[in-house]
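Chemist: To convert, count from 1 in the sequence shown and add 21; that's my numbering.
Think of the CB as a built atom: it goes at the ideal place given N, C-alpha and C, for glycine as much as any other residue.
Remember, predicted model here, so these are calculated numbers, not experimental data.
Attaching a single structure in structure tokens format; questions to follow.
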Amino acid sequence: MSEIFYGPERSVIFGAQTHRWMQLRKVYTLQLLTTKRLYEMREARYSEGRRLLRRLRDRSGTIVEPGTFIAEMNAAAMARLILSKTLDEVAPDMPQLMRSVQSKATPTIGDFIAYLSFTDAIFKMRMKRLHRRLNAALDSILEERSHLISRLPADQLPDDFLQVLLSAKTDDSEESTLTPADIKAIMSDLFLAGIDTSASTLEWAMAELIRKKECLLKL
Numbered sequence: 022m023s024e025i026f027y028g029p030e031r032s033v034i035f036g037a038q039t040h041r042w043m044q045l046r047k048v049y050t051l052q053l054l055t056t057k058r059l060y061e062m063r064e065a066r067y068s069e070g071r072r073l074l075r076r077l078r079d080r081s082g083t084i085v086e087p088g089t090f091i092a093e094m095n096a097a098a099m100a101r102l103i104l105s106k107t108l109d110e111v112a113p114d115m116p117q118l119m120r121s122v123q124s125k126a127t128p129t130i131g132d133f134i135a136y137l138s139f140t141d142a143i144f145k146m147r148m149k150r151l152h153r154r155l156n157a158a159l160d161s162i163l164e165e166r167s168h169l170i171s172r173l174p175a176d177q178l179p180d181d182f183l184q185v186l187l188s189a190k191t192d193d194s195e196e197s198t199l200t201p202a203d204i205k206a207i208m209s210d211l212f213l214a215g216i217d218t219s220a221s222t223l224e225w226a227m228a229e230l231i232r233k234k235e236c237l238l239k240l
């Protein structure tokens with residue numbers, strides 16, 4: 022799947038543990054997943070959590086799919102962390118798009134038997150179609166931020182992860198230079214991991230709580 026999207030050398034999820042992979046991983050650990058930044062974003066996380074509870078309350082008495090609601094909550098929180106905006110403002114279909122990528126990212130015959138990779142043609146066609154949609158959404162995000170950078174002084178720009186990535190892009194060190202494709206690959210990794218993986222974990226936890234009512238009563 023990584024070859025169909027932005028290439029394994031640009032992805033922390035799919036990439037081999039090379040020197041460049043370690044440099045990309047350092048961007049995550051030193052710029053995004055820091056205690057300070059997560060603390061600063063606590064209100065955004067709480068706000069999206071409250072919004073999720075209101076949506077569920079409004080649908081009380083009806084059947085809901087918790088995974089979809091949780092994925093949308095995670096996507097909204099990730100967007101505010103990465104882009105300083107809500108998904109409704111930049112890419113409202115991102116949660117559904119990421120879950121589509123996750124649901125179709127299954128092992129194929131070609132992954133195990135190379136000379137039978139021609140049988141993966143339909144799978145690759147579907148993934149390329151998803152990639153075009155994802156790429157268009159990320160291109161729009163980068164274009165909007167580029168326009169903002171051209172209009173505002175540096176001290177008035179958002180202090181978010183996208184701005185960190187764009188700043189690293191102009192670094193003098195060749196190893197830390199990030200191309201637009203690098204930045205889009207990192208954002209897709211973040212949205213994919215932050216939306217669907219977390220939603221699946223919470224779905225599993227909720228199912229276990231329902232199955233074990235004695236644990237549910239303690240909450």
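Can you list, in chain order, the stretches of the alpha helix (DSSP H) that have 4 or more residues and sit fully within the segment 102-171?
Modeler: Runs of the alpha helix (DSSP H) inside the segment 102-171: 108-111, 115-125 and 130-133.
Chemist: By the 10 Å Cβ neighbour count, where 16 or more other Cβ atoms means buried, how is G70 classified, buried or exposed?
Modeler: exposed
Chemist: Measure how close the beta-carbons of L163 and L118 come, nearest whole angstrom, since I'm counting them as under 8 angstroms.
Modeler: At roughly 16 angstroms, the Cβ-Cβ gap does not stay under 8 angstroms, so L163 and L118 are not in contact.
Chemist: Taking 8 angstroms as the cut-off, decide whether the C-beta atoms of S32 and A206 are in contact.
Modeler: Taking 8 angstroms as the Cβ cut-off, S32 and A206 qualify as a contacting pair.
Chemist: Roughly how many angstroms separate the alpha carbons of A214 and D176, rounded to a whole number?
Modeler: 31 angstroms
Chemist: Which residue's Cα is closest to the Cα of R66: L51, L45, T107 and N156?
Modeler: T107
Chemist: I need the DSSP call for D176, collapsed to helix, strand or coil.
Modeler: helix
Chemist: Might you give, ordered along the chain, the residues of its own chain that have their beta carbon closer than 8 angstroms to the beta carbon of R46, omitting 5 neighbours on each side?
Modeler: V33
Chemist: Measuring alpha carbon to alpha carbon, tell me which residue in T89, P113, E229 and I231 is nearest T218.
Modeler: T89
Chemist: So, D181 versus L104, is the Cβ gap smaller than 8 angstroms?
Modeler: Yes, the Cβ-Cβ distance between D181 and L104 is below 8 angstroms.
Chemist: Can you say whether I91 is buried or exposed, counting buried as having 16 or more other CB atoms within 10 angstroms of its CB?
Modeler: buried
Chemist: Under the three-state reduction of DSSP, which class applies to A98: helix, strand or coil?
Modeler: Annotated three-state conformation of A98 is helix, per DSSP.
Chemist: For D210, collect the residues of the same chain with a Cβ closer than 8 angstroms to its Cβ; drop the 5 residues on either side in sequence, then sort them by chain order.
Modeler: These residues qualify, in order along the chain: S32, V33 and I34.
Chemist: Would you kindly work out how many angstroms separate the C-alpha atoms of H40 and P201, rounded to a whole number?
Modeler: 20 angstroms
Chemist: Is P87 near the ligand SAH, judged by its Cβ being under 7 angstroms from some heavy atom?
Modeler: The model depicted lacks the ligand SAH and carries no ligand whatsoever.
Chemist: Could you please give the first and the last residue of the uninterrupted alpha helix (DSSP H) stretch that includes K47?
Modeler: H40 to V48 is the extent of the alpha helix (DSSP H) around K47.
Chemist: What is the DSSP secondary structure of V33, reduced to helix, strand or coil?
Modeler: In the structure shown, V33 sits in coil (DSSP, three-state: anything other than H, G, I, E or B).
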